[in-house]
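Letter by letter, the sequence shown follows residues 135 to 314 of the working numbering. Idealized CB from N, CA, C, for every residue including glycine. Report on one structure; see the data block that follows.
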Amino acid sequence: VYFRHRSKAARGEREGVKMKDFMVMESQLNALPPRRRKQAEKLLELIRKVMEGEKDHYIHTPADVFKAVATDLVGLDKEHFMILILNTKNRILSKEVISIGTLNSAIVHPREVFKPAIIKGAASIICVHNHPSGDPAPSSEDKKLTERLIQAGEIIGIDVLDHVVIGTEGYVSLKEQGMI
Numbered sequence: 135v136y137f138r139h140r141s142k143a144a145r146g147e148r149e150g151v152k153m154k155d156f157m158v159m160e161s162q163l164n165a166l167p168p169r170r171r172k173q174a175e176k177l178l179e180l181i182r183k184v185m186e187g188e189k190d191h192y193i194h195t196p197a198d199v200f201k202a203v204a205t206d207l208v209g210l211d212k213e214h215f216m217i218l219i220l221n222t223k224n225r226i227l228s229k230e231v232i233s234i235g236t237l238n239s240a241i242v243h244p245r246e247v248f249k250p251a252i253i254k255g256a257a258s259i260i261c262v263h264n265h266p267s268g269d270p271a272p273s274s275e276d277k278k279l280t281e282r283l284i285q286a287g288e289i290i291g292i293d294v295l296d297h298v299v300i301g302t303e304g305y306v307s308l309k310e311q312g313m314i
């Protein structure tokens, strides 16, 4: 894969770089090994977001959570636990990776979960993590952790709105399942 970027001088322009200045053909992506193709696709998505200016993301449903983090979490070979830090209108202020674990676990402590939320002035958070196995069914440890985080959030005044588990087979919201 190559990215064609012409300098402003070469284009004879003074305005900023445009998305069309980055050209990658689908056949070039398909020729890459799967891991490199995934990396190239993520890079292209990142370039697109930077070039277009990422819109404000509001969270109204677990599907919105999935859309906001799927590219970050699906297909990873280790468990990643992250939070979405939200304002009072449920707009995402920040996405923070809290812990990167092993194939089937990640060590998560309320102290590390709420620290970035407090610093960024969160009204609420949504917890999200992936299951590298692909099965998004929450484990008993996931449920216990969620209960502990909800209790900690109540004490410090930051609501835990949901805990979404993501896998290649989709996602499961603990709130939709009635576990929150």
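Mapping DSSP to helix, strand and coil, what is residue i?
i: residue 164; result: helix
i: residue 295; result: strand
i: residue 268; result: coil
i: residue 273; result: coil
i: residue 247; result: helix
i: residue 242; result: coil
i: residue 306; result: strand
Tell me residue i's beta-bridge partners as DSSP assigns them.
i: residue 230; result: 217
i: residue 263; result: 215 and 299
i: residue 130; result: It is not possible to answer for residue 130, since the shown part of the chain is limited to 135 through 314.
Looking only at its own chain, which residues have a Cβ that is under 7 Å from the Cβ of residue i, when we skip the five neighbours before and after it?
i: residue 212; result: 234, 235, 236, 237 and 266
i: residue 304; result: 270
i: residue 239; result: 213
i: residue 84; result: No answer is possible for residue 84: the residues shown for the chain start at 135 and end at 314.
i: residue 205; result: 176 and 179
i: residue 310; result: 196
i: residue 279; result: 242
Among residues of its own chain, excluding the 5 on either side of residue i, which ones have a beta-carbon nearer than 8 Å to its beta-carbon?
i: residue 292; result: 248, 251, 252, 256, 257, 258 and 259
i: residue 199; result: 193, 218, 260, 262, 296, 298, 305 and 307
i: residue 172; result: 209
i: residue 91; result: No answer is possible for residue 91: the residues shown for the chain start at 135 and end at 314.
i: residue 282; result: 244
i: residue 223; result: 192
i: residue 284; result: 294 and 314
i: residue 268; result: 301, 302 and 303
With a threshold of 6 Å on Cβ separation, who are the neighbours of residue i within its own chain once the five nearest residues in sequence on each side are excluded?
i: residue 254; result: 219, 227 and 228
i: residue 203; result: 262
i: residue 215; result: 232, 233, 240, 242 and 263
i: residue 314; result: 308
Return no unless some Cβ of chain C is closer than 8 Å to the Cβ of residue i.
i: residue 181; result: Included in the structure is just one protein chain, with no chain C present.
Do the segment 253-264 and the segment 293-312 meet, that is, are 3 or more Cβ pairs less than 8 Å apart?
Segment contact: the segment 253-264 against the segment 293-312, three or more CB-CB distances shorter than 8 Å; contact assigned.
Just checking, does the segment 218-230 make contact with the segment 264-277 on the three C-beta pairs under 8 Å criterion?
In short, these stretches do not touch, since the Cβ pair count stays below three.
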